[in-house]
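Going by my numbering, the first residue of the sequence shown is number 1, and it counts up by one from there.
Below: the structure, in structure tokens.
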Amino acid sequence: MTPTPIYAPIGIFFYLFCFSWYSESFILKCSALFFICNNLPSHLIQHGVPMVEIPFFADQPENLIWVETRKFGVSLQLKQIKVETLVLEMKEVMEESGVYKSAAVADSIIRRTHPLTPAQQLVGWTKYILQMGDAGHLKPHTFQQPWHEQYLLGVLLFLLVVTLGTMWLCGKLLGLVARWLCGARKLKEA
Numbered sequence: 001m002t003p004t005p006i007y008a009p010i011g012i013f014f015y016l017f018c019f020s021w022y023s024e025s026f027i028l029k030c031s032a033l034f035f036i037c038n039n040l041p042s043h044l045i046q047h048g049v050p051m052v053e054i055p056f057f058a059d060q061p062e063n064l065i066w067v068e069t070r071k072f073g074v075s076l077q078l079k080q081i082k083v084e085t086l087v088l089e090m091k092e093v094m095e096e097s098g099v100y101k102s103a104a105v106a107d108s109i110i111r112r113t114h115p116l117t118p119a120q121q122l123v124g125w126t127k128y129i130l131q132m133g134d135a136g137h138l139k140p141h142t143f144q145q146p147w148h149e150q151y152l153l154g155v156l157l158f159l160l161v162v163t164l165g166t167m168w169l170c171g172k173l174l175g176l177v178a179r180w181l182c183g184a185r186k187l188k189e190a
């Protein structure tokens with residue numbers, strides 16, 4: 001099913017479309033450029049698409065450093081976004097003698113190359129586990145944690161103590177303010 005366009009802005013770029021719904025495979029068919037914000041760039045690299053990335057919060061600046069050092073694309077800071085800078089960055093990614101596209105395609109080839117088929121991997125891991133016995137060294141650390149660490153009871157206890165302590169302190173302060181106000185009224189009446 002092909003999405004129906006809501007509108008196509010005239011005068012900006014002839015290949016810029018806005019749709020009410022996007023499927024990822026439909027979007028990534030365009031291999032020229034992709035804008036990304038608040039997302040991991042791994043699915044774009046899987047398809048070999050260069051990108052312009054805009055960070056908003058959390059780990060996004062780290063992702064941008066990784067994208068720029070690997071030459072998969074460029075980044076725009078939120079304060080820098082203007083029409084001129086946006087057009088300049090888009091042209092840089094699309095026209096920079098294929099540097100960004102070739103880096104993304106090269107990494108895409110590496111990610112898609114699998115030396116073994118899934119059936120061969122299954123047989124290999126099964127043989128490995130049979131050879132090693134119980135393969136206890138492959139078990140996650142959470143299986144070896146005590147239950148109070150696994151359920152983070154220490155953290156919950158700390159938060160409970162801080163919350164109850166804050167409530168107790170607020171109660172004491174409100175009591176002092178109430179006594180002070182009542183004492184001021186008694187002095188005026190006398």
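The beta-carbon is built from N, C-alpha and C at its ideal position, and this holds for glycine as well.
{"Query": "Counting beta carbon pairs with one atom in the stretch 91–99 and one in the stretch 115–127, are three or more of them shorter than 8 Å?", "Result": "no"}
{"Query": "Skipping 5 residues on each side, what residues in its chain have a beta carbon closer than 7 Å to that of residue 172?", "Result": "none"}
{"Query": "If contact is defined by three or more beta carbon pairs under 8 Å, each pair taking one atom from either stretch, is the stretch 50–58 in contact with the stretch 71–84?", "Result": "yes"}
{"Query": "Could you tell me the boundaries of the beta strand (DSSP E) in which residue 54 lies?", "Result": "51–54"}
{"Query": "In three-state DSSP terms, what is residue 143?", "Result": "helix"}
{"Query": "Which residue spans inside the stretch 87–115 form an unbroken alpha helix (DSSP H) run of at least 4?", "Result": "99–112"}
{"Query": "Would you mind giving the Cβ-Cβ distance between residue 107 and residue 45, rounded to the nearest angstrom? I have them listed as a contact below 8 Å.", "Result": "5 Å"}
{"Query": "Determine which residues share a DSSP beta bridge with residue 34 and list them.", "Result": "51"}
{"Query": "Suppose you measure from the CA of residue 182 to the CA of residue 169; what does that come to, to the nearest Å?", "Result": "20 Å"}
{"Query": "By Cβ distance below 8 Å, which residues in the same chain neighbour residue 85 in space, the five residues on each side in sequence not counted?", "Result": "76"}
{"Query": "Quickly, what does DSSP pair residue 73 with across the bridge? List them, please.", "Result": "51"}
{"Query": "Can you tell me whether DSSP reads residue 124 as helix, strand or coil?", "Result": "helix"}
{"Query": "Could you check whether residue 131 and residue 142 sit closer than 8 Å to each other, using their CB atoms as the reference points?", "Result": "no"}
{"Query": "Going along the chain, which residues of its own chain have a beta-carbon closer than 8 Å to the beta-carbon of residue 135, five neighbours each way excluded?", "Result": "128 and 129"}
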